[in-house]
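Trainee: This is the structure I have questions about; it appears just below.
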Amino acid sequence: MPRLWRLEGTIDTDVLAPGFYMKSPLPELADHCLEAVCPDFARTVRKGDVLLSDANMGVGSSREQAAEVLKYLGISAVIAPSFAGIFYRNAINLGLPVFTIDESFMRTPSLANGARVKFNFDAPELLILDNATCIKLIPIPDFLKELILDGGLVPHLEKRFLQEGSHS
Amino acid sequence: MITLAKKLLSDASGKANLDVGDIVICNVDLAMIHDSGGPRRVKPILERLKRNVWNKKKIVVVTDHYVPVENDETRAIQALTKKWVKDNEIDNFYDEQGICHIVLPERGHLTPGLFCVGGDSHSPTGGAFGAYMFGIGATEMAGVLATGSIWIQTPETILMLWQNQLRKYVTAKDMMLAMCRKIGMGGGRYQAIQFAGETIRNLPMQERMTLSNMAAELGAQAGLIAPDETTIAYVEAAGGQVPINWRDFQIETAEETSNITQFDAANLSPQIAAPHSPENSDNACEFRDTAFDVAYIGACTGAKYIDLLAAADVLKGKRIAKGVILKVAPASLRDQHRAAEDGIMQILEDAGADFLANSCGICAGYGEDRLADGQVCISSTARNFKGRMGAQSSSVYLASPYTVAASAVTGMLTDPRLVMED
Ligand code: SF4
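Going line by line, the protein sequences match chains A and B.
Per the working numbering, residue 7 is the first one in the first sequence, and the count goes up by one each step.
Per the working numbering, residue 32 is the first one in the second sequence, and the count goes up by one each step.
Listed below in structure tokens is the structure:
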């Protein structure tokens with residue numbers, strides 16, 4: 007059952023993808039994801055888990071590995087009251103769902119670290135199974151939804167080029 | 032009246048009457064990439080897409096991150112970069128000429144009205160020239176290189192309105208650190224920030240570049256400054272092509288800009304930002320008696336010609352304090368040559384400075400000069416996140432080149448006005 011990772015404080019791109027390991031291949035970089043704030047994360051995160059962070063998630067550099075490692079580690083959605091712009095774009099272009107949550111929900115007690123959750127992309131919403139709470143997330147424009155559903159910008163462009171090709 | 036951001040996006044997308052939040056596809060006039068996020072990352076994606084670059088004349092490649100190479104890994108990155116540039120017949124290749132955000136305008140690539148993307152988070156620097164420029168990751172860059180276009184969500188504009196004159200030894204960097212404190216690092220929420228007012232109009236281009244550069248630290252997508260005669264003079268001197276309609280981009284304010292923050296330049300003192308965030312800033316005098324190990328004048332933010340000049344102004348005829356080191360990495364080779372011609376490099380050397388390559392170097396935590404365990408640094412760079420410039424246990428204070436130089440003289444964090452006679 008997917009669980010919620012509740013991160014506190016500012017999560018910057020150096021915390022997600024530490025500069026020192028940026029030369030390394032993705033799996034090695036992923037081993038160090040979030041280690042400065044949550045040393046067990048990379049070792050214990052499971053496929054489908056959801057990340058909930060405080061405001062301005064992913065602030066910092068343009069390195070897309072910050073989003074890529076999360077996708078690689080199996081995170082199914084990143085939720086925050088606000089995102090740093092480049093991180094937000096990178097996540098969508100890599101096909102990692104990122105959703106904004108109304109700040110007032112952040113105080114919901116059941117949104118706790120380790121809560122059993124279910125993320126619903128279409129709604130979009132986050133179900134907390136422990137006490138059957140449903141938290142509505144802020145919808146995104148159809149264009150961005152399509153990009154994520156295609157699996158990110160590269161598969162999206164592949165699809166487009168294929169269609170263009172079949173016309174010519 | 033529309034905002035400058037909307038005007039630039041309308042021109043790039045061919046769509047009039049844009050509303051905030053509208054997603055449009057824009058044609059890219061220029062794409063800048065560097066050795067770290069560039070060829071080595073976009074090449075495999077372009078291969079997967081089976082596409083060549085859309086327009087080799089509109090691509091600029093700069094090596095500045097892994098410079099100088101320190102091992103086989105970084106040597107391989109530079110070799111790959113050079114090969115990719117050659118294979119794709121890209122003429123605009125600047126190898127070890129300085130940091131991308133400085134090299135780009137100094138070689139005349141930026142001019143008012145352009146729509147540009149850069150593979151680096153400080154790409155908003157281009158906004159100082161009245162161009163819409165923002166940073167993107169490698170996947171998006173590959174998409175741009177393949178198609179020549181990119182999606183963008185029309186941003187809101189936040190106006191930073193600066194009135195009156197800066198006092199002596201107070202700079203654009205101090206203005207920026209004050210803005211970081213006032214609106215916070217997430218304060219920009221990915222809007223377009225526009226810097227306007229009398230103070231801005233009186234700033235030379237390299238100071239304006241410092242503001243636009245650190246729009247990234249305010250969380251903005253772009254950091255725009257409306258072009259004026261100062262802009263045009265710079266672009267012409269750099270050999271750039273000034274569009275005849277450049278006055279169309281002289282949009283400083285708009286009725287629809289509800290979000291205006293006002294500042295009084297005359298009341299601003301030199302600022303220092305404490306570890307580990309640029310928003311931890313305060314008047315420099317609040318930090319007196321704070322010791323440090325390394326003074327660093329470097330980066331696209333703080334080692335341009337004008338920054339070297341400021342440091343030399345303080346260091347002329349003085350020596351740095353015992354027990355501290357001063358490292359200077361001029362932001363571009365051209366600026367370094369100009370500084371050498373003007374005697375600035377000599378002044379810095381006589382004061383006890385060590386020189387590093389014209390590259391990102393310690394600012395990005397690269398190279399053997401990066402901060403060691405527990406070291407404290409006062410730096411003219413843009414970011415002081417934990418561990419950014421070296422060891423996790425190192426810490427960084429941010430300030431203007433004047434303040435960094437004055438601190439190097441006393442060995443303690445120092446308001447530059449305290450070491451100057453006038
Ligand atoms: S000097 Fe620093 S801030 Fe500027 S591009 Fe290089 S790493 Fe980024």
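Note that CB positions come from ideal geometry on N, CA and C, so glycine has one too.
On a predicted model such as this, the values are computed, not experimentally measured, just so you know.
Who are the Cβ neighbours of Ile108 of chain B in its own chain at under 7 angstroms, not counting the five residues just before and after it?
Mentor: In the second sequence, counting from the first residue as 1, residue 108 of chain B sits at position 77. Counting only Cβ-Cβ distances below 7 angstroms, and skipping sequence neighbours, we find Asp66, Arg71, Tyr97.
Trainee: Less than 8 angstroms separating the beta-carbons of Met210 of chain B and Met191 of chain B?
Mentor: As a working note, residue 210 of chain B is residue 179 in the second sequence. As a working note, residue 191 of chain B is residue 160 in the second sequence. Yes.
Trainee: Quick one: is Ile275 of chain B buried, meaning 16 or more other Cβ sit within 10 Å of its Cβ, or exposed?
Mentor: Taking the first residue of the second sequence as position 1, residue 275 of chain B is located at position 244. Label assigned to Ile275 of chain B: exposed.
Trainee: Do we get a CB-CB distance below 8 angstroms when we pair Trp182 of chain B with the residues of chain A?
Mentor: In the second sequence, counting from the first residue as 1, residue 182 of chain B sits at position 151. Chain A, which has a Cβ nearer than 8 angstroms to the Cβ of Trp182 of chain B, makes this yes.
Trainee: Tell whether a beta-carbon distance below 8 angstroms holds between Lys213 of chain B and Thr292 of chain B.
Mentor: If you number the second sequence from 1, residue 213 of chain B lands on position 182. If you number the second sequence from 1, residue 292 of chain B lands on position 261. Yes, these two residues count as a Cβ contact at 8 angstroms.
Trainee: Which residues bound the beta strand (DSSP E) around Leu40 of chain A?
Mentor: Along the first sequence, one-based indexing puts residue 40 of chain A at 34. Unbroken run through Leu40 of chain A: none, as it is neither H nor E.
Trainee: When the Cα atoms are used, what is the spatial distance from Ala257 of chain B to Thr230 of chain B?
Mentor: As a working mapping, residue 257 of chain B is identified with position 226 in the second sequence. As a working mapping, residue 230 of chain B is identified with position 199 in the second sequence. Using only the alpha carbons, I get a separation of about 13 angstroms.
Trainee: If the cut is a Cβ gap below 7 angstroms, which residues of chain A does Phe416 of chain B touch?
Mentor: Locating residue 416 of chain B in the second sequence gives position 385, counting from the first residue. What Phe416 of chain B touches in chain A: Asp18, Asp20, Gly66.
Trainee: Applying a beta-carbon distance threshold of less than 8 angstroms, which residues of chain B neighbour Val160 of chain A?
Mentor: Here residue 160 of chain A is taken as the residue at index 154 of the first sequence, counted from 1. The contacting residues are Ile76, Arg79, Leu80, Thr170, Ala173, Gly174.
Trainee: Would you say Gly395 of chain B reaches chain A, if we count a Cβ-Cβ gap shorter than 8 angstroms as a contact?
Mentor: By one-based count along the second sequence, residue 395 of chain B stands at place 364. Checking the displayed sequence, the identity of residue 395 of chain B turns out to be Ala instead of Gly. With 8 angstroms as the cut-off, Ala395 of chain B counts as an interface residue toward chain A.
Trainee: Would the stretch 57-72 of chain A count as touching the stretch 89-107 of chain A if we require 3 or more Cβ pairs under 8 angstroms?
Mentor: Using a Cβ-Cβ distance cut-off of 8 angstroms, the stretch 57-72 of chain A and the stretch 89-107 of chain A are in contact, since at least three pairs of beta carbons, one from each stretch, lie closer than that value.
Trainee: Less than 8 angstroms between CB atoms is the rule here; does Thr178 of chain B satisfy it with respect to chain A?
Mentor: Locating residue 178 of chain B in the second sequence gives position 147, counting from the first residue. Answer yes: the Cβ-Cβ gap between Thr178 of chain B and chain A drops below 8 angstroms somewhere.
Trainee: Less than 7 angstroms between the CB of Cys394 of chain B and some heavy atom of the ligand SF4, yes or no?
Mentor: For this step, residue 394 of chain B is matched to residue 363 along the second sequence. Yes, the Cβ of Cys394 of chain B comes within 7 angstroms of a heavy atom of the ligand SF4.
Trainee: Anything in chain B within Cβ reach of Lys29 of chain A, meaning under 7 angstroms, just list it in chain order.
Mentor: On the first sequence, position 23 is the one that residue 29 of chain A refers to. Under the 7 angstroms cutoff, chain B gives Glu104.
Trainee: How big is the Cα-Cα spacing for Asp400 of chain B and Lys358 of chain B?
Mentor: Taking the second sequence and counting its residues from 1, the one referred to as residue 400 of chain B is at position 369. Taking the second sequence and counting its residues from 1, the one referred to as residue 358 of chain B is at position 327. Straight-line Cα distance between these residues: approximately 9 angstroms.
Trainee: Let me confirm a value: Gln128 of chain B is counted as buried when at least 16 other C-beta atoms fall within 10 Å, else exposed. Which label applies?
Mentor: On the second sequence, residue 128 of chain B is found 97 positions in, with the first residue counted as 1. Gln128 of chain B should be labelled buried.
Trainee: List the residues of chain B whose Cβ lies closer than 9 angstroms to the Cβ of Ile146 of chain A, in chain order.
Mentor: As a working note, residue 146 of chain A is residue 140 in the first sequence. Within chain B, no residue comes near Ile146 of chain A; the closest Cβ sits about 10 angstroms away, beyond 9 angstroms.
Trainee: For Asn389 of chain B, which of helix, strand or coil comes out of DSSP?
Mentor: For this step, residue 389 of chain B is matched to residue 358 along the second sequence. DSSP places Asn389 of chain B in coil when its eight states are reduced to three.
Trainee: Mind checking whether the beta-carbon of Thr412 of chain B lies closer than 7 angstroms to any heavy atom of the ligand SF4?
Mentor: Locating residue 412 of chain B in the second sequence gives position 381, where the first residue counts as 1. Checking every heavy atom of the ligand SF4 against the Cβ of Thr412 of chain B, one is found closer than 7 angstroms.
Trainee: Taking only beta-carbon atoms, is Tyr221 of chain B less than 8 angstroms away from chain A?
Mentor: Taking the first residue of the second sequence as position 1, residue 221 of chain B is located at position 190. Yes, its Cβ sits closer than 8 angstroms to a Cβ of chain A.
Trainee: Listed in chain order, which residues of the stretch 32-61 of chain A have Cβ atoms closer than 9 angstroms to some Cβ of chain B?
Mentor: Ala42, Ala61
Trainee: With 9 angstroms as the limit, tell me which residues of the stretch 89-117 of chain A have their beta carbon closer than that to any beta carbon of chain B; keep them in chain order.
Mentor: Phe89, Ala90, Gly91, Ile92, Phe93, Tyr94, Arg95, Asn96, Asn99, Leu100
Trainee: Below 7 angstroms, is the gap between the Cβ of Ile167 of chain B and the nearest heavy atom of the ligand SF4?
Mentor: Within the second sequence, numbered from 1, the residue matching residue 167 of chain B stands at position 136. It does not: the Cβ of Ile167 of chain B is nowhere closer than 7 angstroms to a heavy atom of the ligand SF4.
Trainee: How long is the line joining the alpha carbons of Leu102 of chain A and Gln281 of chain B, rounded to whole angstroms?
Mentor: Here residue 102 of chain A refers to the residue found at position 96 when the first sequence is read from its first residue. Here residue 281 of chain B refers to the residue found at position 250 when the second sequence is read from its first residue. If I take the Cα positions, the gap works out to 39 angstroms.
Trainee: Short of 7 angstroms in beta carbon distance, which residues of its chain neighbour Val100 of chain B, apart from the five on each side in sequence? Order them along the chain.
Mentor: As a working note, residue 100 of chain B is residue 69 in the second sequence. Cβ within range, chain order: Arg106, Gln109.
Trainee: Determine the direct distance from the alpha carbon of Ala138 of chain A to that of Ala246 of chain B, and round the result to whole angstroms.
Mentor: Position 215 of the second sequence, counted from the first residue, corresponds to residue 246 of chain B. Position 132 of the first sequence, counted from the first residue, corresponds to residue 138 of chain A. Rounded to the nearest angstrom, the two C-alpha atoms are 42 angstroms apart.
Trainee: Quickly, what does DSSP pair Thr188 of chain B with across the bridge? List them, please.
Mentor: Position 157 of the second sequence, counting from 1, holds the residue named residue 188 of chain B. Paired residues: B:Ala223.
Trainee: Let me confirm a value: Asp385 of chain B is counted as buried when at least 16 other C-beta atoms fall within 10 Å, else exposed. Which label applies?
Mentor: Your numbering for residue 385 of chain B matches position 354 in the second sequence. By the 10 Å Cβ count, Asp385 of chain B comes out exposed.
Trainee: Which same chain residues, not among the five before or five after Asn195 of chain B, have their C-beta less than 7 angstroms away from its C-beta?
Mentor: Numbered from 1 along the second sequence, position 164 holds the residue referred to as residue 195 of chain B. Only Glu229, Thr230, Asp295, Ala296, Ala297 meet the Cβ criterion.
Trainee: CB Gln184 of chain B to CB Ile54 of chain B, shorter than 8 angstroms?
Mentor: Position 153 of the second sequence, counted from the first residue, corresponds to residue 184 of chain B. Position 23 of the second sequence, counted from the first residue, corresponds to residue 54 of chain B. Closer than 8 angstroms, so yes.
Trainee: Return helix, strand or coil for Gln237 of chain B, following the three-state DSSP convention.
Mentor: As a first step, residue 237 of chain B is located in the second sequence; it is residue number 206 there, counting from the start. Note: Gln237 of chain B maps to helix in three-state DSSP.
Trainee: I think Thr284 of chain B touches Ala227 of chain B, with their Cβ atoms under 8 angstroms apart; what is that distance to the nearest whole Å?
Mentor: Here residue 284 of chain B is taken as the residue at index 253 of the second sequence, counted from 1. Here residue 227 of chain B is taken as the residue at index 196 of the second sequence, counted from 1. That belief holds up - the Cβ atoms of Thr284 of chain B and Ala227 of chain B are roughly 6 angstroms apart, short of 8 angstroms.
Trainee: Just list the beta strand (DSSP E) runs in the stretch 44-115 of chain B, keeping only unbroken ones of 3 residues or longer that don't cross its boundaries, in chain order.
Mentor: 54-58, 61-65, 90-94
Trainee: Measuring only from the beta carbon, is Asp400 of chain B closer than 7 angstroms to any heavy atom that is part of the ligand SF4?
Mentor: Start at 1 with the first residue of the second sequence, and residue 400 of chain B comes out as number 369. No - the ligand SF4 has no heavy atom lying nearer than 7 angstroms to the Cβ of Asp400 of chain B.
Trainee: Sorted by chain position, which residues of the same chain lie with C-beta nearer than 8 angstroms to Asn119 of chain B's C-beta, five sequence neighbours on each side aside?
Mentor: Here residue 119 of chain B refers to the residue found at position 88 when the second sequence is read from its first residue. Within the same chain, Asn119 of chain B has close Cβ partners Asn83, Val84, Lys87, Ile90.
Trainee: Quick one: what does DSSP say Ser411 of chain B is sitting in, helix, strand or coil?
Mentor: Reading the second sequence from its first residue, position 380 is the one you call residue 411 of chain B. In this structure, Ser411 of chain B counts as coil in the three-state DSSP scheme.
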